[in-house]
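So in the numbering used here, the last one in the sequence shown is 169, and the numbering has no gaps at all.
Even for Gly, the Cβ is constructed at its ideal location relative to N, Cα and C.
A quick note: this is a predicted structure, and the numbers were derived from the prediction, not measured.
Working notes, structure below.
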Amino acid sequence: WNATFVGEQKEYCLNDFGITTKEEILVCGRDIIEQKEREKTILDSERRLRESQDMALIGKWDYDFNNDTLLWSSVTYDVFGVDPETFGATYEAFLNAIYPDDRYMVTIPGRNTC
56 WNATFVGEQK EYCLNDFGIT TKEEILVCGR DIIEQKEREK TILDSERRLR ESQDMALIGK
116 WDYDFNNDTL LWSSVTYDVF GVDPETFGAT YEAFLNAIYP DDRYMVTIPG RNTC
(Lines of atoms letter the chains of each structure in order from A and count residues from 1; the text may use other names and numbers.)
(Lines give C-alpha, C1' and ligand atoms only; values in the text may rest on other atoms or scores of the structure.)
Protein backbone atom coordinates (compact mmCIF):
# COMPACT_ATOMS: atom_id res chain seq x y z
CA TRP A 1 0.00 0.00 0.00
CA ASN A 2 1.24 3.51 -0.66
CA ALA A 3 0.29 7.06 0.23
CA THR A 4 0.52 10.02 -2.13
CA PHE A 5 0.25 13.64 -1.05
CA VAL A 6 -1.19 16.06 -3.59
CA GLY A 7 -0.94 19.58 -2.22
CA GLU A 8 -2.72 19.49 1.11
CA GLN A 9 -4.91 16.59 0.02
CA LYS A 10 -3.91 13.13 1.17
CA GLU A 11 -4.59 10.30 -1.24
CA TYR A 12 -4.22 6.68 -0.23
CA CYS A 13 -4.07 3.83 -2.72
CA LEU A 14 -4.09 0.13 -1.96
CA ASN A 15 -2.82 -2.15 -4.71
CA ASP A 16 -3.25 -5.92 -4.48
CA PHE A 17 -1.67 -7.85 -7.32
CA GLY A 18 -1.72 -11.22 -5.53
CA ILE A 19 -5.02 -12.41 -6.99
CA THR A 20 -4.61 -15.60 -9.00
CA THR A 21 -7.22 -14.71 -11.61
CA LYS A 22 -4.84 -12.11 -13.07
CA GLU A 23 -7.19 -9.35 -12.07
CA GLU A 24 -5.90 -6.34 -10.25
CA ILE A 25 -7.66 -4.43 -7.52
CA LEU A 26 -7.04 -0.74 -7.05
CA VAL A 27 -8.69 0.93 -4.09
CA CYS A 28 -8.27 4.69 -3.72
CA GLY A 29 -9.57 7.09 -1.13
CA ARG A 30 -9.00 10.59 0.10
CA ASP A 31 -8.83 11.86 3.65
CA ILE A 32 -11.55 14.54 3.77
CA ILE A 33 -12.00 14.70 7.54
CA GLU A 34 -10.57 18.24 7.78
CA GLN A 35 -12.72 19.42 4.85
CA LYS A 36 -15.86 17.97 6.44
CA GLU A 37 -14.98 19.57 9.78
CA ARG A 38 -14.57 22.98 8.07
CA GLU A 39 -17.90 22.51 6.27
CA LYS A 40 -19.61 21.63 9.56
CA THR A 41 -18.09 24.70 11.24
CA ILE A 42 -19.40 26.95 8.45
CA LEU A 43 -22.87 25.37 8.50
CA ASP A 44 -23.05 25.69 12.30
CA SER A 45 -22.00 29.34 12.09
CA GLU A 46 -24.63 30.06 9.41
CA ARG A 47 -27.29 28.32 11.51
CA ARG A 48 -26.39 30.36 14.60
CA LEU A 49 -26.48 33.58 12.55
CA ARG A 50 -29.96 32.73 11.21
CA GLU A 51 -31.19 31.89 14.71
CA SER A 52 -29.76 35.14 16.10
CA GLN A 53 -31.36 37.19 13.33
CA ASP A 54 -34.69 35.45 13.89
CA MET A 55 -34.62 36.07 17.65
CA ALA A 56 -33.59 39.74 17.26
CA LEU A 57 -35.92 40.31 14.29
CA ILE A 58 -32.97 41.55 12.24
CA GLY A 59 -33.18 41.00 8.51
CA LYS A 60 -30.29 40.60 6.10
CA TRP A 61 -30.21 41.09 2.36
CA ASP A 62 -27.78 41.08 -0.55
CA TYR A 63 -28.20 42.68 -3.96
CA ASP A 64 -26.63 41.26 -7.13
CA PHE A 65 -26.08 44.25 -9.44
CA ASN A 66 -25.28 42.13 -12.48
CA ASN A 67 -28.48 40.10 -12.33
CA ASP A 68 -30.74 42.62 -10.55
CA THR A 69 -31.65 40.05 -7.91
CA LEU A 70 -32.09 40.29 -4.17
CA LEU A 71 -31.36 37.60 -1.61
CA TRP A 72 -33.33 38.18 1.57
CA SER A 73 -33.29 36.40 4.90
CA SER A 74 -36.59 35.04 6.19
CA VAL A 75 -36.87 37.92 8.68
CA THR A 76 -36.54 40.49 5.88
CA TYR A 77 -39.55 38.93 4.14
CA ASP A 78 -41.46 39.19 7.43
CA VAL A 79 -40.43 42.84 7.95
CA PHE A 80 -41.66 43.80 4.48
CA GLY A 81 -44.73 41.58 4.76
CA VAL A 82 -44.11 39.80 1.46
CA ASP A 83 -44.32 36.13 0.56
CA PRO A 84 -40.98 34.61 -0.50
CA GLU A 85 -42.81 32.48 -3.08
CA THR A 86 -44.41 35.42 -4.87
CA PHE A 87 -41.89 38.21 -4.27
CA GLY A 88 -40.04 39.07 -7.47
CA ALA A 89 -36.66 39.48 -5.69
CA THR A 90 -35.67 42.40 -7.93
CA TYR A 91 -34.90 46.04 -7.16
CA GLU A 92 -38.26 47.04 -8.62
CA ALA A 93 -40.10 44.52 -6.43
CA PHE A 94 -38.19 45.87 -3.42
CA LEU A 95 -39.28 49.42 -4.23
CA ASN A 96 -42.87 48.27 -4.64
CA ALA A 97 -42.73 46.87 -1.09
CA ILE A 98 -41.96 50.37 0.26
CA TYR A 99 -44.66 52.91 0.97
CA PRO A 100 -44.78 55.22 -2.09
CA ASP A 101 -44.21 58.43 -0.11
CA ASP A 102 -41.04 56.92 1.43
CA ARG A 103 -39.40 55.62 -1.74
CA TYR A 104 -37.37 58.79 -2.26
CA MET A 105 -35.41 57.87 0.90
CA VAL A 106 -34.37 54.48 -0.46
CA THR A 107 -31.23 54.05 -2.46
CA ILE A 108 -28.92 51.20 -3.26
CA PRO A 109 -25.45 52.55 -4.12
CA GLY A 110 -24.83 52.30 -7.85
CA ARG A 111 -28.54 52.07 -8.58
CA ASN A 112 -30.83 54.87 -9.77
CA THR A 113 -33.68 55.64 -7.43
CA CYS A 114 -37.20 56.15 -8.72
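Three-state secondary structure (DSSP) of residue i
i: TYR159; result: helix
i: TYR154; result: coil
i: ASP171; result: Coverage of the chain is limited to positions 56 through 169, which leaves residue 171 absent and any answer about it impossible.
i: VAL134; result: helix
i: GLU147; result: helix
i: GLU140; result: coil
i: LEU104; result: helix
Integer Cβ distance of residue i from residue j, believed to fall under 8 Å
i: LEU112; j: VAL130; result: 6 Å
i: SER128; j: GLY114; result: 5 Å
i: THR145; j: ASP123; result: 5 Å
Cross-strand partners of residue i (DSSP beta bridge)
i: ASP99; result: Looking at the DSSP assignment, ASP99 forms no beta bridge with any residue, so it has no partner.
i: THR124; result: ASP119
Any non-hydrogen atom of the ligand FAD closer than 6 Å to residue i Cβ
i: THR124; result: With respect to the ligand FAD, the structure shown offers nothing to examine, as it has no ligands at all.
Cut-off 8 Å between Cβ atoms - residues of its own chain near residue i, not counting five sequence neighbours on either side
i: ALA152; result: PHE135, GLY136, VAL137 and PHE142
Contact set for residue i: own chain, Cβ-Cβ below 6 Å, skip 5 residues either direction
i: TYR132; result: PRO139
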